[in-house]
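Sequential numbering of the sequence shown, starting at 3, is according to this note's numbering.
Below is one structure, written out as structure tokens; the observations come after it.
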Amino acid sequence: MHRSPRSRPPSRSCSRGSCSTSESTARSGSGSCSRSPASCSSPQAEGILPGVPTPLPVSNRPLRIAIVGLGQIAELCLPPYAARGDVEVVGLCDVDHARLDRWGATFPGATRTTDLDALLRTEPDVVDVLVPTPLHYEVVTRVLEAGYHVQVQKPLARSLPDADRMLAAAQRSGCVLRVMEDYVCFPPLVKLRDIVRSGEIGDAQSMHMKIAATPRGGWDVNPKSYEWQFAQANDGHGILTFDHGWHQLAVAHWLFGPIRRVFGWIRRTPIGPPDKPHIVLDTPATFVWEHANDVRAVLDVTLAPEMYYRSDYYSDDERVEVTGSRGYVRCNRISGRGVQAPSVVVYREGEMHEYHALADEPPDAFAASAAHGVEWFRTGVGDLLLGGGSARAVLASLLTALDSAARGVPLDVERVD
Numbered sequence: 003m004h005r006s007p008r009s010r011p012p013s014r015s016c017s018r019g020s021c022s023t024s025e026s027t028a029r030s031g032s033g034s035c036s037r038s039p040a041s042c043s044s045p046q047a048e049g050i051l052p053g054v055p056t057p058l059p060v061s062n063r064p065l066r067i068a069i070v071g072l073g074q075i076a077e078l079c080l081p082p083y084a085a086r087g088d089v090e091v092v093g094l095c096d097v098d099h100a101r102l103d104r105w106g107a108t109f110p111g112a113t114r115t116t117d118l119d120a121l122l123r124t125e126p127d128v129v130d131v132l133v134p135t136p137l138h139y140e141v142v143t144r145v146l147e148a149g150y151h152v153q154v155q156k157p158l159a160r161s162l163p164d165a166d167r168m169l170a171a172a173q174r175s176g177c178v179l180r181v182m183e184d185y186v187c188f189p190p191l192v193k194l195r196d197i198v199r200s201g202e203i204g205d206a207q208s209m210h211m212k213i214a215a216t217p218r219g220g221w222d223v224n225p226k227s228y229e230w231q232f233a234q235a236n237d238g239h240g241i242l243t244f245d246h247g248w249h250q251l252a253v254a255h256w257l258f259g260p261i262r263r264v265f266g267w268i269r270r271t272p273i274g275p276p277d278k279p280h281i282v283l284d285t286p287a288t289f290v291w292e293h294a295n296d297v298r299a300v301l302d303v304t305l306a307p308e309m310y311y312r313s314d315y316y317s318d319d320e321r322v323e324v325t326g327s328r329g330y331v332r333c334n335r336i337s338g339r340g341v342q343a344p345s346v347v348v349y350r351e352g353e354m355h356e357y358h359a360l361a362d363e364p365p366d367a368f369a370a371s372a373a374h375g376v377e378w379f380r381t382g383v384g385d386l387l388l389g390g391g392s393a394r395a396v397l398a399s400l401l402t403a404l405d406s407a408a409r410g411v412p413l414d415v416e417r418v419d
């Protein structure tokens with residue numbers, strides 16, 4: 003036993019939510035955990051005493067990790083753990099038994115279960131929450147209140163009140179809450195940041211980011227997987243601007259710090275058959291913002307329905323370019339191999355410099371993110387990417403951009419110290 007034992011009642015008067023799954027969705031967690039009655043929403047409600055979080059760092063044994071949600075995103079999140087000798091995956095939770103069997107073969111020592119309480123009884127140090135965003139608040143707070151450190155897929159939450167309650171649960175329990183943002187660990191973007199910070203292109207002046215989405219290319223996804231995504235798109239949390247745009251604003255914060263003012267413009271484009279008018283994409287869209295350090299930036303989001311994009315994963319053409327006072331640096335791709343050019347190029351003093359040897363496939367970003375999390379929990383060295391507070395700042399900027407688009411005016415982002 004690696005943790006303090008919990009006091010648990012011998013029986014329950016109400017049913018706990020069991021883990022369930024929906025197919026993968028674009029850039030999101032894919033398993034889900036069914037909602038439980040309000041009276042069963044926290045360990046305290048059932049008289050379960052919260053446990054003592056694993057003391058950090060965990061340096062004298064493998065880090066014990068349990069996984070909630072085994073949908074499509076697990077195909078990128080879980081393989082890095084199988085390659086590490088300093089990680090032990092102790093539990094897998096999903097309602098889909100085929101997925102439990104699929105990942106159970108990779109992690110034969112892990113407990114397989116459809117019940118979140120049973121997963122927590124495996125006594126992990128950290129629980130990875132890979133469920134759809136609408137379930138983040140419920141599942142994350144349950145795990146935190148039970149006394150376990152959490153890594154959750156992005157976005158942190160759908161609203162600031164939910165995010166604040168999650169952060170409060172982490173503070174009360176003494177647990178760490180990390181958002182697994184793979185873009186800030188993607189080697190080409192890390193190289194771009196290093197170049198900007200080195201002064202090689204002079205003082206940063208502006209940044210341009212691009213997303214061109216296409217249905218042609220990438221991996222096959224069951225159309226039913228997108229149902230919850232389209233449902234939340236119809237209340238203003240679109241697939242491209244909210245779910246995917248999180249990545250871009252997370253990178254912006256990571257590069258240049260807080261955003262103080264933002265303007266959003268979003269048009270909705272129907273893409274479904276006539277009998278399904280609710281199937282829309284939040285594109286074309288443009289976000290324009292200003293950082294507290296005066297760097298200005300723009301994000302363009304476009305649908306290119308006839309464009310083929312070479313990718314084994316997500317079919318999104320993405321660029322990030324920072325212009326400085328003496329030159330510029332550009333990351334040519336993130337999600338695939340559509341652009342047949344070095345992943346990072348730098349222009350200065352009339353010459354182009356290219357970086358050809360960077361690890362620049364999507365699995366490289368997830369492997370680097372997994373490595374960062376494991377090494378932080380095992381050593382405690384350096385800043386945690388993304389800590390809960392940093393993730394909340396990203397969410398505040400993103401939701402302000404969406405609000406700006408709805409209202410048609412630029413808006414100040416609330417200050418987050």
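The beta-carbon is built from N, C-alpha and C at its ideal position, and this holds for glycine as well.
If I'm right that residue i touches residue j with Cβ under 8 Å, what's the distance once you round it to whole angstroms?
{"i": "Gly219", "j": "Tyr349", "result": "Not a contact, Cβ separation roughly 28 Å."}
{"i": "Leu251", "j": "Leu400", "result": "5 Å"}
{"i": "Leu169", "j": "Val128", "result": "Incorrect: roughly 17 Å between the Cβ atoms, too far for contact."}
{"i": "Leu118", "j": "Cys95", "result": "6 Å"}
{"i": "Pro276", "j": "His151", "result": "Going by Cβ atoms, the distance from Pro276 to His151 rounds to 48 Å, so no, they are not a contact pair."}
{"i": "Val396", "j": "His293", "result": "No, Val396 and His293 are not in contact; Cβ-Cβ is about 13 Å, not under 8 Å."}
{"i": "Val97", "j": "Val186", "result": "Not confirmed; about 31 Å, so no contact."}
As a quick exercise: from the options, pick the residue whose alpha carbon is nearest that of residue i.
{"i": "Thr288", "options": "Thr243, Ile261 and His255", "result": "Thr243"}
{"i": "Glu416", "options": "Ala403, Arg380 and Gln153", "result": "Ala403"}
{"i": "Asp88", "options": "Arg101, Thr113 and Ser61", "result": "Ser61"}
{"i": "Gly340", "options": "Gln231, Gly149, His358 and Asp318", "result": "Asp318"}
{"i": "Met211", "options": "Arg123, Arg114, Trp248 and Asp103", "result": "Trp248"}
{"i": "Ala120", "options": "Glu229, Cys187, Tyr228 and Ala148", "result": "Ala148"}
{"i": "Gly390", "options": "Met182, Pro136 and Arg86", "result": "Met182"}
{"i": "Leu355", "options": "Gly410, Glu77, Trp221 and Pro344", "result": "It should be pointed out that residue 355 corresponds to His in this sequence rather than to Leu. Nearest of Gly410, Glu77, Trp221 and Pro344 to His355, Cα basis: Pro344."}
{"i": "Arg174", "options": "Gly53, Glu363 and Leu413", "result": "Gly53"}
{"i": "Gly274", "options": "Ile268, Pro217, Arg263 and Val253", "result": "Pro217"}
{"i": "Asn236", "options": "Asp362, Arg394 and Thr271", "result": "Thr271"}
{"i": "Leu305", "options": "Phe379, Gly329, Leu283 and Ser392", "result": "Leu283"}
{"i": "Ala370", "options": "Gly329, Val192 and Ala215", "result": "Val192"}
{"i": "His138", "options": "Thr113, Arg104, Pro364 and Arg167", "result": "Arg167"}
{"i": "Ala373", "options": "Arg312, Val411 and Tyr83", "result": "Tyr83"}
{"i": "Gly71", "options": "Val396, Gln155 and Val223", "result": "Gln155"}
{"i": "Val178", "options": "Gly382, Leu397 and Ile203", "result": "Gly382"}
{"i": "Gln74", "options": "Arg114, Ile268, Tyr228 and Leu388", "result": "Tyr228"}
{"i": "Val297", "options": "Arg86, Thr115, Glu323 and Gly176", "result": "Glu323"}
{"i": "Arg321", "options": "Pro307, Glu308 and Gln342", "result": "Gln342"}
{"i": "Asp405", "options": "Arg101, Trp378, Thr124 and Gly240", "result": "Gly240"}
{"i": "Arg180", "options": "Trp378, Ala407, Ala408 and Ala398", "result": "Trp378"}
{"i": "Leu387", "options": "Trp105, Arg328, Asp184 and Arg114", "result": "Asp184"}
{"i": "Asn474", "options": "Ala361, Gly176, Phe109 and Pro260", "result": "With the chain running from 3 to 419 in the structure shown, residue 474 is simply not present."}
{"i": "Val198", "options": "Ala359, Gly352, Cys333 and Val223", "result": "Cys333"}
{"i": "Ile268", "options": "Gln153, Ala112, Ala408 and Glu202", "result": "Ala408"}
{"i": "Glu353", "options": "Gly111, Glu202 and Arg144", "result": "Glu202"}
{"i": "Leu78", "options": "His99, Asp414, Glu363 and Glu351", "result": "Glu363"}
Does the Cβ-Cβ distance between residue i and residue j come in under 8 Å?
{"i": "Val92", "j": "Ala68", "result": "yes"}
{"i": "Pro190", "j": "Val331", "result": "no"}
{"i": "Leu132", "j": "Ala171", "result": "no"}
{"i": "Tyr315", "j": "Ser337", "result": "yes"}
{"i": "Thr325", "j": "Ser161", "result": "no"}
{"i": "Ala367", "j": "Phe232", "result": "no"}
{"i": "Trp230", "j": "Pro134", "result": "yes"}
{"i": "Arg380", "j": "Pro57", "result": "no"}
{"i": "Val264", "j": "Trp221", "result": "no"}
{"i": "Thr285", "j": "Ala393", "result": "no"}
{"i": "Ile213", "j": "Val303", "result": "yes"}
{"i": "Gln234", "j": "Pro136", "result": "yes"}
{"i": "Arg86", "j": "Val376", "result": "yes"}
Please list the terminal residues of the continuous alpha helix (DSSP H) segment that includes residue i.
{"i": "Cys79", "result": "Ala76 to Cys79"}
{"i": "Tyr139", "result": "His138 to Glu147"}
{"i": "Ala252", "result": "Gly247 to Phe258"}
{"i": "Asp277", "result": "Premise fails: Asp277 is in no alpha helix (DSSP H) and is neither H nor E."}
{"i": "Ala359", "result": "Run containing Ala359: none; DSSP gives neither H nor E here."}
{"i": "Gln234", "result": "Glu229 to Ala235"}
{"i": "Ile197", "result": "Pro189 to Ser200"}
{"i": "Val376", "result": "Pro364 to Thr381"}
Could you give the first and the last residue of the continuous beta strand (DSSP E) run that contains residue i?
{"i": "Trp267", "result": "Ile261 to Ile268"}
{"i": "Met168", "result": "First-last for Met168: Leu162 to Ser175, but that is the alpha helix (DSSP H), not the beta strand (DSSP E)."}
{"i": "Ser208", "result": "Ala206 to Ala215"}
{"i": "His293", "result": "Ala287 to His293"}
{"i": "Gly326", "result": "Asp318 to Gly326"}
{"i": "Gly329", "result": "Gly329 to Cys333"}
{"i": "Leu422", "result": "Here the chain comprises residues numbered 3 to 419, so residue 422 is not present and cannot be evaluated."}
{"i": "Asp302", "result": "Arg298 to Leu305"}
{"i": "Val152", "result": "His151 to Gln155"}
{"i": "Ala68", "result": "Leu65 to Val70"}
{"i": "Val223", "result": "First-last for Val223: undefined, no H or E at that position."}
When you compare the CB of residue i with every CB in chain D, is at least one pair closer than 8 Å?
{"i": "Glu351", "result": "Any reference to chain D falls outside this structure, which holds one protein chain only."}
*Could you pull out every unbroken alpha helix (DSSP H) segment of at least 4 residues lying fully inside the stretch 83-131, listed in chain order?*
99-108 and 118-122
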